[in-house]
Structures are given as structure tokens and as C-alpha cells.
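The sequence shown runs 108 to 488 under the numbering used here. Quick reminder that beta carbons are idealized off the backbone N, C-alpha and C, glycines included. Keep in mind the model is a prediction, meaning the values are calculated, not measured.
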Amino acid sequence: MSETYEIYTPNGLALDVEKDTNKILFKENVKPTGNYTEEYSKALFEAHDIKRNSPYKDYKPQYLDPNFYTGQSSTLLEFKEWQSIYLKDPIKGAIAPWTKAEKAYYKSLKTKRERYKYLAIRSGLRSVVIDIPYDAYANVDEKGRLVNEDYAYIYDEVSSHRGTLKSYSFFNEWELSALLLGNIKASPTAAVGFKARQQQALFLQAQLGDKNAFKSLGLAVLCSNSFLTGQHWNKLRAKMIYDLHDYHYESLLDEFGMLPFLDEIIGVDWVIDLNRYKFALDEEGRIIWALYDDIEKGKLKDPRDIDSTPESRKEFDHYMDGYKNGMATRFDVDIRNERDERSAKLTMDTLVLSAKLAALTPPQGYPNAPRYYSPERLEII
């Protein structure tokens with residue numbers, strides 16, 4: 108038997124590959140395959156390489172050891188403090204806070220375009236459907252005309268793809284690209300699996316001065332189906348945002364009609380999102396739907412609830428892990444012959460898109476959409 112090496116799908120499934128032939132050894136499919144094997148194999152290799160060459164590949168996280176060692180230095184106290192922050196809503200301005208230097212630099216920017224560009228970059232959002240250099244962000248003047256014609260091809264490409272519903276994921280990403288390029292009315296908020304990314308895009312839109320986006324931040328936490336966007340149901344928070352929107356909005360705006368320090372005004376929410384740096388575990392949001400259904404039926408409790416307990420949070424994590432294993436998209440199985448070409452191509456494109464999203468998700472998360480971890484989960488990851 109030939110020697111093999113492994114490649115990984117965006118959701119972490121391993122596939123053996125023969126070293127001498129580069130043939131992928133797919134998991135067995137009960138239906139005939141072969142019609143799409145060559146194309147699908149290329150997509151799998153591309154997805155693997157995308158993740159391996161992430162711009163964040165050299166990121167070194169800081170680890171805290173939760174154990175106490177007698178007579179040795181320990182990070183136990185720091186770990187306990189880290190755990191405790193997930194037991195309550197984030198304090199306003201405490202997550203990814205603006206530093207004095209950041210604020211001073213932002214205020215030194217003299218045009219709306221410069222400030223728009225800075226906020227877009229600070230958000231951590233990057234386009235995954237087209238390469239947009241930072242210099243092309245907000246590359247339009249007040250009348251919508253291009254400032255640098257060298258980037259006209261990017262605007263043309265994005266414009267030609269917007270509104271084409273290849274899938275909700277692709278719709279979202281083309282809309283997000285338009286937002287980064289300077290179209291404040293773009294709508295990158297379709298119901299897909301990348302909840303933190305979706306929330307950060309909405310928050311950025313509100314920062315940039317879109318009043319409807321500001322109100323949508325309240326709508327996102329207004330009722331129990333807030334969980335479907337990764338948010339935590341919070342009527343008081345929703346009322347605060349609605350009141351600010353209805354009675355004080357104009358007074359909050361800066362001289363360019365923007366809300367750069369919005370996190371200091373309304374705070375941010377912990378976001379439940381199974382997707383993270385290097386792993387697209389719920390690219391379509393099906394697992395979030397399953398967990399929401401369990402919460403609605405009373406089988407599970409949202410771990411962010413004030414009356415959650417270690418036991419209820421562990422049970423939530425247990426169910427979440429079960430769904431991750433049982434509902435994983437089987438990218439390690441070859442595409443069936445009975446699929447039509449359009450359907451097969453969408454599977455391949457979605458595979459590559461998921462890899463790009465996983466590779467471009469900041470390891471430390473998004474500044475205004477922090478990912479939630481139960482305190483108990485932190486002890487085992």
C-alpha cells in the first residue's frame with residue numbers, strides 16, 4: 108500500500124492522500140461516484156492550502172494554565188479572572204477597547220473617507236470573494252465617484268455579483284465587499300453560519316452611520332429568536348438601543364455622521380458561533396438552528412442566561428459537541444454521480460469559500476462580536 112499524508116477539510120475532517128499519486132482516499136459513498144472526483148479533489152487541495160497559508164498562520168496565542176503547582180509560578184488567578192468575564196454581559200468598552208493612541212489617530216483623520224477606511228480595517232473584516240487591498244477600502248468620494256481609478260476593476264467585479272443568489276453565503280460576502288468599498292447601504296446580514304462575522308458587519312455598518320443598522324442591533328436581541336443570529340435575548344438592551352435610535356440618535360453622531368465609539372455607548376454581546384479561526388464547523392448555521400430548537404423546547408438553557416449553572420452550561424456544550432459531530436458537512440465523501448453539475452459546482456465553491464472564511468477569521472475574534480465560551484469549556488480547550 109502506498110504511503111499517505113493527510114489534508115484537512117474546512118470543518119476539520121481528515122483525508123488520507125497517496126503520496127506517489129496525490130489521489131485522495133475518500134470515505135466510502137453508498138452511491139456511485141467518479142464524475143466529479145478530479146474537480147472535487149482540486150477543490151479540496153485548494154481549501155487545504157488556503158487554510159495552511161492563512162495570513163494569521165504565525166499568530167501565537169497566549170495560554171493560561173488552570174492548574175496550581177506548589178512552589179512554582181502559576182497563572183491560575185489570571186485564568187479564573189478570564190473565566191469570570193463570561194458569566195455576565197461584557198462591560199461597555201471593555202472588549203477590544205479603543206486605546207488613547209487609536210482614538211487620537213482616528214480623530215486626526217480629516218475626511219469621512221479616511222475615517223470610514225480606518226473603521227473598516229479595525230473591524231477585522233476582510234473580503235473572501237475578491238482580494239481588496241486596504242488602499243481600495245472606501246475608495247469613493249462624497250458623490251460616489253472613484254478616488255483611485257486603479258481599483259475600478261474591483262468595483263466592477265463586486266457590482267456584477269451583488270444580488271446574485273448563488274447561495275446566502277455568497278450573497279453575504281459580495282454585500283460585505285460592497286460595504287468595505289464604501290457602500291454603506293450594502294446588506295451583509297443574510298442568515299448564514301458565521302454569526303460573529305455577521306454581527307461585526309452589522310456593528311460596522313452602524314458605526315459608519317447607517318441608522319437602520321443601528322436599530323437592527325436592537326432588533327437582534329429583542330426576542331427569543333435572537334439566538335439564531337448568535338445573540339443573547341435581552342429586552343433591556345433592545346429597549347436601550349431603540350430609545351437611543353428614536354430620541355437621541357442625531358446627538359450621538361460625530362461631525363461626519365458616524366458613531367466610531369459605538370461600543371462605549373451600547374456595549375457588545377457575547378456571540379455563540381461554532382465557526383472560528385481555521386475551522387468552519389457550521390457554515391450553513393444548521394447547528395445553531397438545532398440548539399435554538401432545543402432551547403425553545405426547554406431541553407437546553409442558553410449558557411449566557413444569568414441563571415445558568417455549571418451543570419446547564421456543560422449540558423449545552425455536550426449537545427453542541429454532539430451536533431458538531433453528527434451534523435458535520437461530509438466534505439470527506441466524494442460527490443455522487445447523480446448530482447447535476449450546478450449542484451456539484453456549488454458544493455465545491457462552498458468548500459473553498461468556507462476555507463477562506465476560516466482562514467480569514469481573526470484568531471482573537473472580531474472586536475465588536477466577541478465569541479462566547481462557557482467557563483467550563485475553557486478548562487478543557
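{"Asked": "Check whether N246 and L286 have beta carbons under 8 Å apart", "Found": "no"}
{"Asked": "Contact under 8 Å by Cβ, A387 with P117", "Found": "yes"}
{"Asked": "Supposed close pair L398, W189 - CB separation, criterion 8 Å", "Found": "Contact flag wrong, Cβ pair sits at about 24 Å."}
{"Asked": "K134 vs Y112 beta-carbon contact at 8 Å", "Found": "no"}
{"Asked": "Simplified DSSP state of L132, which is helix, strand or coil", "Found": "strand"}
{"Asked": "Where E113 falls: helix, strand or coil (DSSP)", "Found": "strand"}
{"Asked": "Contacting residues, own chain, Cβ-Cβ under 6 Å from L122 (five flanking each side not counted)", "Found": "I114, I131, D439"}
{"Asked": "Inter-residue CB distance, R478 and M434 (contact presumed, cutoff 8 Å)", "Found": "With 8 Å as the limit, R478 and M434 do not qualify as a contact, their Cβ atoms being about 19 Å apart."}
{"Asked": "Short Cβ contact (8 Å threshold) for K336 with K385", "Found": "It should be pointed out that residue 336 corresponds to Thr in this sequence rather than to Lys. No. Outside cutoff."}
{"Asked": "Residue from Y262, D263, Y260, W281 whose Cα sits closest to the Cα of G270", "Found": "W281"}
{"Asked": "CA nearest to the CA of N475, picked from N341, Y170, A201, V254", "Found": "A201"}
{"Asked": "Sheet register partners of V378 (DSSP bridge)", "Found": "R478"}
{"Asked": "Sheet register partners of Y121 (DSSP bridge)", "Found": "The residue you asked about is not Tyr; residue 121 is Ala in the sequence shown. Bridge partners of A121: Y115."}
{"Asked": "Spatial distance of D165 from A203 (CA atoms)", "Found": "21 Å"}
{"Asked": "The stretch 206-226 touching the stretch 364-372, judged by at least three CB pairs closer than 8 Å", "Found": "yes"}
{"Asked": "Continuous beta strand (DSSP E) assignments of at least 3 residues falling wholly in the stretch 219-269", "Found": "none"}
{"Asked": "Reference I373, options Y349, E357, R383, closest by Cα", "Found": "Y349"}
{"Asked": "First and last residue of the uninterrupted alpha helix (DSSP H) at S215", "Found": "207-215"}
{"Asked": "Secondary structure of T336, DSSP reduced to three states", "Found": "helix"}
{"Asked": "Counted within 10 angstroms of its Cβ, other Cβ atoms place L381 as buried (16 or more) or exposed", "Found": "buried"}
{"Asked": "Cβ separation of L307 and V299, assumed to be a contact under 8 Å, to the nearest whole Å", "Found": "According to the sequence as given, residue 307 is Gln; it is not Leu. About 13 Å; that fails the 8 Å criterion."}
{"Asked": "Opposing strand residues paired with T140 [DSSP bridges]", "Found": "R443"}
{"Asked": "Extent of the continuous alpha helix (DSSP H) run through P417", "Found": "417-433"}
{"Asked": "For L272 and G405, the rounded distance between their alpha carbons", "Found": "35 Å"}
{"Asked": "Any chain B beta carbon closer than 8 Å to Q312", "Found": "Structure shown: chain B not included; a single protein chain is present."}
{"Asked": "F321, DSSP secondary structure in three states", "Found": "helix"}
{"Asked": "Residue range of the unbroken alpha helix (DSSP H) whose run includes D370", "Found": "369-373"}
{"Asked": "Beta-carbon gap between A327 and Q338 smaller than 8 Å", "Found": "yes"}
{"Asked": "Presumed contact (8 Å Cβ cut-off) between Y241 and L253, rounded CB distance", "Found": "About 16 Å; that fails the 8 Å criterion."}
{"Asked": "Rounded C-alpha distance that separates S493 from D441", "Found": "Here the chain has residues from 108 to 488 only, and residue 493 is not among them."}
{"Asked": "Cβ-Cβ separation, K463 to I239 (assumed contact under 8 Å), whole Å", "Found": "Rounded, the Cβ-Cβ distance is 13 Å, inconsistent with contact."}
{"Asked": "Distance, N341 Cα to R420 Cα", "Found": "18 Å"}
{"Asked": "Spatial neighbours of A466 in its chain, beta-carbon cut-off 6 Å, leaving aside the 5 residues before and after", "Found": "I157, K158, S161"}
{"Asked": "Three-way DSSP call (helix, strand, coil) for F277 in this model", "Found": "helix"}
{"Asked": "Residue burial classification, R222 (beta-carbon count within 10 angstroms, cutoff 16)", "Found": "buried"}
{"Asked": "Exposure of P410, with buried meaning 16 or more beta-carbon neighbours within 10 Å", "Found": "buried"}
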